[in-house]
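All remarks here apply to the structure that follows.
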Amino acid sequence: MAQPPLTDRPVQIIVDLLLANISVQAMIDTGSELDLIKTRTALAANLQQKPLTKPIAVRMALHGASAERVIIKHFVNATLQEACSGLSFKDVPLRVGHIDGEYDMILGMPFLYRFDLAVLSQKKAVQCLRTSILLHNYRTSHETSVAGIAPSADSTQEKVVLTDFADLFPADIPAVSDEAEEAGLFTNGTFPSKIQNENSPDDSPAALTAWIKLCKGAWADARDALWTSRVKQARQHNKHRGKQPDLRPDDWALLNSADWRGKHQRGTDKLKERFEGPYQVMKIFNHGLNTKLALPANNKQHPVFHISKLKHYIFPPDEDPLEPLPPDISTSPPL
Numbered sequence: 024m025a026q027p028p029l030t031d032r033p034v035q036i037i038v039d040l041l042l043a044n045i046s047v048q049a050m051i052d053t054g055s056e057l058d059l060i061k062t063r064t065a066l067a068a069n070l071q072q073k074p075l076t077k078p079i080a081v082r083m084a085l086h087g088a089s090a091e092r093v094i095i096k097h098f099v100n101a102t103l104q105e106a107c108s109g110l111s112f113k114d115v116p117l118r119v120g121h122i123d124g125e126y127d128m129i130l131g132m133p134f135l136y137r138f139d140l141a142v143l144s145q146k147k148a149v150q151c152l153r154t155s156i157l158l159h160n161y162r163t164s165h166e167t168s169v170a171g172i173a174p175s176a177d178s179t180q181e182k183v184v185l186t187d188f189a190d191l192f193p194a195d196i197p198a199v200s201d202e203a204e205e206a207g208l209f210t211n212g213t214f215p216s217k218i219q220n221e222n223s224p225d226d227s228p229a230a231l232t233a234w235i236k237l238c239k240g241a242w243a244d245a246r247d248a249l250w251t252s253r254v255k256q257a258r259q260h261n262k263h264r265g266k267q268p269d270l271r272p273d274d275w276a277l278l279n280s281a282d283w284r285g286k287h288q289r290g291t292d293k294l295k296e297r298f299e300g301p302y303q304v305m306k307i308f309n310h311g312l313n314t315k316l317a318l319p320a321n322n323k324q325h326p327v328f329h330i331s332k333l334k335h336y337i338f339p340p341d342e343d344p345l346e347p348l349p350p351d352i353s354t355s356p357p358l
């Protein structure tokens, strides 16, 4: 396994291990370059101490403070185990020396490299890359919380529900009681493999089948109600709206400028004029979606509008059509 580069800030995680059936606390430190065990812990586990070929001098500064040099002359081979996960680390060479604090041993980078372990700082855990097992920090609880079912203080409402919806709670589901368990209806406190009688049409519980049918009926009613509401709204909206004749060049149309007036004119919107014009249609393009109007010279709007903003205008019999605007003689190219 290639040695990854050390981070600028070492990560320290405390784990509980077993050493010769003795519970010990080991600090896994990514900033330590040796594996160390406390002298008292090595004696308590009856580990055979062996002399090093060459004594080494180290400085132990666990909490950032400088410490005096410590001469290490002996080492031991130990087997460590993790009780919760069952992981075992055999023949771990540990230097024997003095350790400040309550930790029994310090496991550094040699230990992590040898057993393919990765320190997860965010999860406060150590992961074995071979088995993907996590060794959590000793402060992390490994116990699984079990939610108990407490009896209701007032069972009157429950009885009312059971009475009103008796078809959803058939009698072929046995009650949980000591008598039912003694009669053989339960095995190890669980329901039998089949809770319906032989005349049942399928294997699904009767209560579940009835509940699914009830839900499907409610969903169908809601869907029909939504579609009926949409049809009524469309009919009400189109009650006074007829089919408008198609616009053609040289026709006259009213321009819906309610949006522009609402932004640029003060006052109540309902008192403002909605349409202006009529204006003569000069050109229709873009598959009949856009139209070009002949606007007056004092109108600074762009002459091209969407077809939805126009309303066909027909002059009354007693009113003469407006004279068309004079042709544009400017040098600018036409749109």
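Using our numbering, the first residue of the sequence shown is number 24, and each one after it goes up by one. We put the CB at the ideal spot given by N, CA and C, even for glycine. From a predicted model like this one, the values you see are computed outputs, not experimental measurements.
Tell me whether LYS323 sits in a helix, a strand or coil according to DSSP, three-state version. Position 300 of the sequence shown, counted from the first residue, corresponds to residue 323. Looking at LYS323 - three-state DSSP - the assignment turns out to be coil, as it is neither helix nor strand.
Coil, strand or helix - GLN72 by DSSP: Within the sequence shown, the letter at position 49 stands for residue 72. The answer is coil: DSSP assigns GLN72 none of H, G, I, E or B.
For VAL254, the first and last residue of its enclosing alpha helix (DSSP H): As a first step, residue 254 must be located in the sequence shown, where it is residue number 231. That run of the alpha helix (DSSP H) goes 229-260.
Excluding sequence positions up to five away, which residues of its chain have a Cβ less than 6 angstroms from the Cβ of ASP58? As a first step, residue 58 is located in the sequence shown; it is residue number 35 there, counting from the start. Closer than 6 angstroms at Cβ, skipping near neighbours: LEU117, LEU130, GLY131, PRO133, PHE134.
Write down every uninterrupted run of the alpha helix (DSSP H) in the region 271-297 whose length is 4 residues or greater and which is fully enclosed by it, in chain order. As far as the region 271-297 is concerned, its whole alpha helix (DSSP H) runs of at least 4 residues are 281-287.
Contact between the region 100-113 and the region 151-161 (3+ Cβ pairs under 8 angstroms): The region 100-113, when compared against the region 151-161, does touch it at the 8 angstroms Cβ threshold.
Distance, TYR126 Cα to LYS182 Cα: The residue given as residue 182 occupies position 159 in the sequence shown. The residue given as residue 126 occupies position 103 in the sequence shown. C-alpha separation (whole angstroms): 59 angstroms.
Helix, strand or coil, according to DSSP, for LEU312 in the structure here? Along the sequence shown, one-based indexing puts residue 312 at 289. Residue state, collapsed to three classes: coil.
Continuous alpha helix (DSSP H) stretch holding LEU66: start and end: Working through the sequence shown from its first residue, we reach residue 66 at position 43. Taken as a continuous stretch (DSSP letters only), the alpha helix (DSSP H) holding LEU66 covers 62-67.
What is the residue span of the alpha helix (DSSP H) that PRO133 lies within? Counting from one through the sequence shown, the residue named residue 133 turns up at place 110. 132-137 is the extent of the alpha helix (DSSP H) around PRO133.
Span separating the alpha-carbon of GLY87 from that of PHE98: Mapped onto the sequence shown, residue 87 falls at position 64. Mapped onto the sequence shown, residue 98 falls at position 75. With a pLDDT of only 49 at GLY87, under 50, the local geometry of the prediction cannot be trusted, and the value read off the model is given with reservation. Here the C-alpha atom of GLY87 lies approximately 25 angstroms from the C-alpha atom of PHE98.
Where ILE51 falls, given that 16 or more other Cβ within 10 Å makes a residue buried: Taking the sequence shown and counting its residues from 1, the one referred to as residue 51 is at position 28. By the beta-carbon neighbour count (other beta carbons within 10 angstroms, threshold 16), ILE51 is buried.
In whole angstroms, give me the CA-to-CA distance for PRO301 and THR251. Here residue 301 refers to the residue found at position 278 when the sequence shown is read from its first residue. Here residue 251 refers to the residue found at position 228 when the sequence shown is read from its first residue. In this structure, the straight-line span from the alpha carbon of PRO301 to that of THR251 is close to 39 angstroms.
Report the rounded CA-to-CA distance for SER168 versus CYS238, giving the unit in angstroms. By 1-based counting over the sequence shown, the position of residue 168 is 145. By 1-based counting over the sequence shown, the position of residue 238 is 215. With a pLDDT of 43 at SER168, under the threshold of 50, the modelled position of this residue cannot be trusted; read the value that follows with caution. For SER168 and CYS238, the gap between their C-alpha atoms comes out near 33 angstroms.
Alpha carbon to alpha carbon, what distance is there between GLY290 and LEU278? As a position in the sequence shown, residue 278 is number 255, starting the count at 1. As a position in the sequence shown, residue 290 is number 267, starting the count at 1. Computed Cα separation, rounded: 20 angstroms.
If you run the structure through DSSP and keep just helix, strand and coil, what is THR154? Your numbering for residue 154 matches position 131 in the sequence shown. Three-state DSSP puts THR154 in coil, outside helix and strand.
Can you tell me whether LYS77 is helix, strand or coil according to DSSP? As a position in the sequence shown, residue 77 is number 54, starting the count at 1. LYS77 falls in the strand class under three-state DSSP.
Taking only the alpha-carbon atoms, compute the straight-line gap between GLN72 and VAL119 and give it to the nearest angstrom. Mapped onto the sequence shown, residue 72 falls at position 49. Mapped onto the sequence shown, residue 119 falls at position 96. Taking the straight line joining both Cα atoms gives about 8 angstroms.
Reference PRO319, options MET305, LYS266, GLY240, VAL47, closest by Cα: Your numbering for residue 319 matches position 296 in the sequence shown. Measuring C-alpha to C-alpha distances from PRO319 to each of MET305, LYS266, GLY240, VAL47 identifies MET305 as the nearest.
Among SER280, GLU56, LEU143, ILE235, which has the Cα closest to the Cα of HIS329? Counted from its first residue, the sequence shown places residue 329 at position 306. Nearest of SER280, GLU56, LEU143, ILE235 to HIS329, Cα basis: SER280.
Measuring alpha carbon to alpha carbon, tell me which of ALA67, THR53, VAL47, SER46 ends up nearest ARG32. Numbered from 1 along the sequence shown, position 9 holds the residue referred to as residue 32. THR53 is the residue among ALA67, THR53, VAL47, SER46 whose C-alpha sits nearest the C-alpha of ARG32.
CA-to-CA distance, ARG82 to LEU103, given in whole angstroms: Counting from one through the sequence shown, the residue named residue 103 turns up at place 80. Counting from one through the sequence shown, the residue named residue 82 turns up at place 59. A straight line joining the alpha-carbon of LEU103 with that of ARG82 spans about 25 angstroms.
Measure the C-alpha to C-alpha separation of ASN100 and VAL34 and round it to an integer number of angstroms. Taking the sequence shown and counting its residues from 1, one reaches residue 100 at position 77. Taking the sequence shown and counting its residues from 1, one reaches residue 34 at position 11. When rounded, the distance between both Cα atoms is 25 angstroms.
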